[in-house]
Amino acid sequence: MLRHLLQRGLDLVIVLFGISAIVFLMIRLIPGDAVAIMLGANTEVTPERLAAMRAELGLDKPLIEQYLSWVGRALHGDFGTSIWTGRPVIQEIAAQIWPTLELTFLALLFGAVLAVPLGCLMAQWRGGKADLVLRLGAIAGLTIPSFWLGIVMLIAVAAWLPGFASLGYVPFSEDPLGNLQRMLLPAVALALPILANLSRLVRSAMLDALGQDYVRTARAKGLAENAVLYRHALRNALIPFVTSVGIMAGYLLGGAIVVEQVFSIPGLGRLILGAIAERNYPLVQATILVVTVGFVAVNALVDLAYALIDPRLRTAS
Amino acid sequence: MSQSRRIALVAGIFVALQIALAVSAPLIAPYDPLAQDIVARLKGPSLAHWLGTDHLGRDILSRILYGYRTALIACGIAVGLALVIGGGFGLLAAFYRGWCERIVMRAMDILFAFPVMLLAIGIIAMLGPRTESAAIAIAVVYVPIFARLLRGPALVLMESDFVAGARSIGAGDLRIMLRHILPNLASVILVQTSLLLSAAILVEASLSFLGLGTQPPTPSLGLMLAEGRNFVLLSPWNAIFAGLGILLLSLGFNLLGDALRDELDPRLRDRT
């Protein structure tokens with residue numbers, strides 16, 4: 607068990623190092639002189655300004671040194687100050703991350719909660735007409751662009767429920783009902799592909815579980831079919847389900863950035879698009895780093911929870 | 433004919449039809465996709481404009497047909513690049529094992545750890561927003577998927593008698609990889625390529641919707657959706673039809689990949 611955890615910890619460190627290196631090197635992808643481009647987007651480029659900005663960003667030092675000081679500061683939550691607003695980058699991210707996180711969380715909740723019963727029904731009706739319809743429906747659900755669904759829902763709401771506030775964002779702490787009302791449509795739009803994906807996964811995990819020996823034993827001892835399905839098969843089918851919920855979170859977050867734009871929600875999407883428009887590369891880097899590291903950490907915690915819960919993993923070493 | 437084979441056939445025809453529409457867009461599009469007709473702007477479907485016109489009076493149907501071209505070319509190149517690079521890494525890892533495998537697969541784990549859209553946005557932020565950047569970004573995020581996908585079955589094939597046989601008659605590494613192992617992975621590659629094309633179409637549309645992919649005035653489905661969104665309460669048609677176009681294109685490839693997987697994977701074939 608301890609060895610397993612140590613190995614996992616080492617893997618995590620390597621992945622985090624790799625992520626930071628990629629995000630750090632990203633800025634080298636910019637064709638031409640990044641500093642001149644950053645400056646040129648906002649003021650006149652002069653040699654003095656170029657040199658000053660290079661020094662400020664530490665670009666006049668060797669690459670390794672730049673990386674180490676960048677990571678060192680990042681570990682202290684210091685991503686520098688936004689070159690244009692003068693506020694610390696971390697504050698800009700903190701101010702805009704909540705709507706995105708809330709949207710991601712709500713969509714994950716909708717999708718995951720509905721996927722379990724839906725997947726079980728699909729497994730129960732496998733091979734039948736209803737299963738086929740649900741499976742095709744699930745594939746269609748997978749390929750519906752969330753941002754399009756969002757727009758269609760906006761059109762429908764404008765036509766049939768003109769008083770329904772569906773655009774913008776109010777913090778939950780200020781107006782809980784108004785917050786949830788505005789989050790409803792984007793969360794549903796975002797949740798549909800997840801629901802489709804996860805219900806397919808539950809279906810196939812259930813079918814796998816139903817082929818196992820313990821299910822045969824449960825049937826042989828005369829358990830009712832529902833007890834076999836929901837007490838024995840489902841419990842085991844939920845293991846791959848939980849892993850994918852972790853992976854989905856990353857997918858959802860990306861989707862949330864797009865759906866936010868449809869519903870005019872001031873979240874990470876607006877932050878990062880604004881940063882790209884004004885060539886604020888350090889802000890782009892910091893946002894990607896913070897979110898990716900958070901996402902990796904959540905997945906590592908899910909993994910850890912598993913190792914503690916699943917008796918097969920607990921006793922494996 | 434089995435159910436999955438019927439679905440595969442229908443999906444295949446559906447995909448072929450859409451590709452044909454995209455290829456023949458210059459021949460069948462009723463209007464120049466860039467031609468503006470300000471007098472006839474934001475009109476609903478009519479005999480003259482089957483799917484209506486956008487905010488500059490451009491014909492939506494023509495723009496969708498050309499948008500299909502843009503989407504298929506960008507996504508085809510992106511998924512193709514990902515297949516060659518990622519698949520190459522997967523094969524190398526399986527073939528040489530040891531350090532090579534560890535380094536390659538670790539690098540793939542790291543790339544895989546990024547949320548897809550976020551990494552794509554980051555790459556485009558640096559390369560500058562245009563169709564080519566979107567294609568490169570999509571290729572990069574899909575590289576680890578192909579590497580992981582091909583490594584597993586390639587490892588199994590490495591142990592097979594025909595590889596040992598080929599080696600014993602003096603076949604070189606490259607020949608074994610390309611002539612003996614790769615063809616046996618064809619069905620896995622086919623299924624995954626189709627599924628990833630479906631996903632790539634959605635990602636490309638999302639990126640263009642955000643203004644990070646194809647730039648105006650080039651017809652692009654995601655961009656049409658973004659333009660349509662701004663006028664959605666005046667005339668919803670641009671947004672509705674462009675989104676429907678994205679949906680149908682992505683759906684076709686997804687159905688095809690899904691049905692092919694059921695059909696080609698012997699473990700799944702017996703189960704449903």
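In order, the protein sequences belong to chains A and B. Following the working numbering, the numbering of the first sequence begins with 607 at its first residue and continues without gaps. Following the working numbering, the numbering of the second sequence begins with 433 at its first residue and continues without gaps. Quick reminder that beta carbons are idealized off the backbone N, C-alpha and C, glycines included.
Answer yes or no: does any C-beta atom of chain B fall closer than 9 Å to that of Ile628/A? By one-based count along the first sequence, residue 628/A stands at place 22. Taking CB atoms only, Ile628/A has a neighbour in chain B less than 9 Å away.
Can you find a C-beta in chain A that's less than 9 Å from the C-beta of Leu687/B? To locate residue 687/B, count along the second sequence from 1; it is residue 255. Output row for Leu687/B: interface = yes.
Using a C-beta cutoff of 9 Å, does Asp541/B count as contacting chain C? The displayed structure is made up of protein chains A and B, and chain C is not among them.
With a CB to CB cut of under 7 Å and the five nearest residues on each side skipped, what residues in its chain are close to Ile445/B? For the purposes of this step, residue 445/B is taken as residue 13 along the second sequence, with counting starting at 1. Once the five neighbours on either side are set aside, Ile445/B has no close Cβ partner at all.
Along the segment 609 to 636 of chain B, what residues have a CB closer than 7 Å to any CB found in chain A? Ser630 and Leu634
Asp814/A, DSSP secondary structure in three states: Here residue 814/A refers to the residue found at position 208 of the first sequence. In the structure shown, Asp814/A sits in a helix (DSSP, three-state: H, G or I).
Under a Cβ-count criterion, where at least 16 other Cβ atoms within 10 Å of its own Cβ denotes burial, should Met549/B be classed as buried or exposed? Translated into positions along the second sequence, residue 549/B becomes position 117. Classification of Met549/B: buried, given that the 10 Å Cβ count is 16 or more.
Beta carbons nearer than 7 Å to chain A: which residues of the segment 485 to 506 of chain B have them? none
Provide the residue span of the alpha helix (DSSP H) that contains Gly520/B, from first to last. Walking along the second sequence from the start, residue 520/B turns up at place 88. Run containing Gly520/B: Ile492 to Tyr528, per the alpha helix (DSSP H) assignment.
For Phe685/B, is the classification buried or exposed, using 16 other Cβ atoms within 10 angstroms of its Cβ as the cut-off for buried? Reading the second sequence from its first residue, position 253 is the one you call residue 685/B. Phe685/B is buried by the Cβ-count criterion.
Mind pulling the chain A residues with CB within less than 7 Å of Leu606/B? Here residue 606/B is taken as the residue at index 174 of the second sequence, counted from 1. What Leu606/B touches in chain A: nothing, since even the nearest Cβ is about 29 Å away.
Who does Arg694/A pair with in a DSSP beta bridge? Against the first sequence, residue 694/A aligns to sequence position 88. The question names Arg, yet the displayed sequence has Pro at residue 694/A. Note: Pro694/A sits in a beta bridge opposite Thr687/A.
Pairwise C-alpha distance: Gly743/A and Leu767/A: Sequence index remark: in the first sequence, residue 767/A carries index 161 (1-based). Sequence index remark: in the first sequence, residue 743/A carries index 137 (1-based). Answer to the nearest angstrom: the Cα atoms are 27 Å apart.
Short CB-CB distance (under 9 Å) between Ser652/B and chain A: As a working mapping, residue 652/B is identified with position 220 in the second sequence. Residue contact with chain A for Ser652/B: absent (no Cβ-Cβ distance below 9 Å to any residue of chain A).
Using the Cα positions of Gly584/B and Phe527/B, report the straight-line distance between them to the nearest angstrom. For the purposes of this step, residue 584/B is taken as residue 152 along the second sequence, with counting starting at 1. For the purposes of this step, residue 527/B is taken as residue 95 along the second sequence, with counting starting at 1. Distance between the alpha carbons of Gly584/B and Phe527/B: 11 Å.
Boundaries of the alpha helix (DSSP H) in which Ala671/B is found, first to last residue: Residue 671/B sits at position 239 when you count from the first residue of the second sequence. It spans Trp669 to Leu696 - the alpha helix (DSSP H) in which Ala671/B sits, taken as one unbroken run.
Which same chain residues end up closer than 8 Å to Asn662/B when comparing Cβ atoms and leaving out the 5 residues on each side of it in sequence? For the purposes of this step, residue 662/B is taken as the residue at position 230 of the second sequence. So the qualifying residues of the chain are His487.
So, is Glu780/A buried or exposed, given that buried needs 16 or more other C-beta atoms within 10 angstroms? Walking along the first sequence from the start, residue 780/A turns up at place 174. Exposed, by the Cβ-count rule.
Relative to the C-alpha of Pro792/A, which residue among Val864/A, Ala642/A and Leu665/A is closest? The residue labelled residue 792/A in the question sits at position 186 within the first sequence. Taking only the C-alpha atoms, the option nearest Pro792/A is Val864/A.
Have a look at Val868/A, Pro799/A and Arg806/A and flag the residue whose alpha-carbon is nearest the alpha-carbon of Phe716/A. Residue mapping note: residue 716/A aligns to position 110 of the first sequence, counting from 1. Per the Cα distances, Pro799/A.
Quick check on DSSP: helix, strand or coil for Thr485/B? In the second sequence, counting from the first residue as 1, residue 485/B sits at position 53. Residue state, collapsed to three classes: strand.
C-beta neighbour in chain A for Pro668/B, strict 9 Å: In the second sequence, the residue the question calls residue 668/B occupies position 236. Output row for Pro668/B: interface = yes.
By DSSP, does Lys735/A sit in helix, in strand, or in coil? As a position in the first sequence, residue 735/A is number 129, starting the count at 1. Helix, per DSSP.
Euclidean distance between Cα positions of Met728/A and Glu831/A: For this step, residue 728/A is matched to residue 122 along the first sequence. For this step, residue 831/A is matched to residue 225 along the first sequence. Here the alpha carbons of Glu831/A and Met728/A stand approximately 15 Å from one another.
Is Met607/A buried or exposed, if buried means 16 or more other CB atoms sit within 10 Å of its CB? Residue numbering aside, residue 607/A sits at position 1 when the first sequence is read from its first letter. Looking at its Cβ environment, which holds fewer than 16 other Cβ atoms inside 10 Å, Met607/A is exposed.
Judging by CA-CA distance, which residue of Val620/B, Val455/B and Gly489/B is the nearest neighbour of Trp669/B? The residue you call residue 669/B lines up with position 237 of the second sequence. Comparing Cα positions, the closest option is Gly489/B.
C-alpha distance - Phe623/A paired with His682/A, whole-angstrom precision: The residue labelled residue 623/A in the question sits at position 17 within the first sequence. The residue labelled residue 682/A in the question sits at position 76 within the first sequence. Spanning the two alpha carbons is a distance of roughly 16 Å.
How about Ser434/B: is its C-beta nearer than 9 Å to some C-beta of chain A? The sequence position of residue 434/B within the second sequence is 2, counting from 1. The beta carbon of Ser434/B sits no closer than 9 Å to any beta carbon of chain A.
Please look up how many angstroms separate the CB atoms of Ala557/B and Ile882/A, rounded, as I've assumed it's under 8 Å. For the purposes of this step, residue 557/B is taken as residue 125 along the second sequence, with counting starting at 1. For the purposes of this step, residue 882/A is taken as residue 276 along the first sequence, with counting starting at 1. Confirmed, about 5 Å.
Could you tell me if Thr710/A is buried or exposed, where buried requires 16 or more neighbouring beta carbons within 10 angstroms of its beta carbon? Translated into the one-based positions of the first sequence, residue 710/A becomes position 104. It is buried - the Cβ of Thr710/A has at least 16 other Cβ atoms within 10 Å.
So the candidates are Pro777/A, Arg634/A and Val719/A; which of them puts its Cα closest to the Cα of Ala802/A? On the first sequence, residue 802/A is found 196 positions in, with the first residue counted as 1. Nearest of Pro777/A, Arg634/A and Val719/A to Ala802/A, Cα basis: Val719/A.
Which of helix, strand or coil DSSP assigns to Asn905/A: Sequence index remark: in the first sequence, residue 905/A carries index 299 (1-based). Here Asn905/A sits in helix by DSSP.
What residues from the segment 508 to 542 of chain B come within 8 Å of chain A, judged by C-beta to C-beta, listed N to C? Taken in chain order, the members of the segment 508 to 542 of chain B whose beta-carbon sits within less than 8 Å of a beta-carbon on chain A are Arg538, Ala539, Asp541 and Ile542.
Cα separation between Asp541/B and Ile535/B? Within the second sequence, residue 541/B is the residue found at index 109, counting from 1. Within the second sequence, residue 535/B is the residue found at index 103, counting from 1. Each residue's Cα considered, the two are about 10 Å apart.
Considering only C-alpha positions, which residue in the set Ala545/B, Gly484/B and Ser626/B is nearest to Val447/B? In the second sequence, counting from the first residue as 1, residue 447/B sits at position 15. Taking only the C-alpha atoms, the option nearest Val447/B is Ser626/B.
Leaving aside the five residues before and after Ser923/A along the sequence, list all residues of the same chain whose C-beta is less than 6 Å from its C-beta, in chain order. Indexing the first sequence from 1 puts residue 923/A at position 317. Only weak support is given to the placement of Ser923/A: the predicted model assigns it a pLDDT of 43, under 50, and the value that follows is read from those uncertain coordinates. Only Met607, Arg609 and His610 meet the Cβ criterion.
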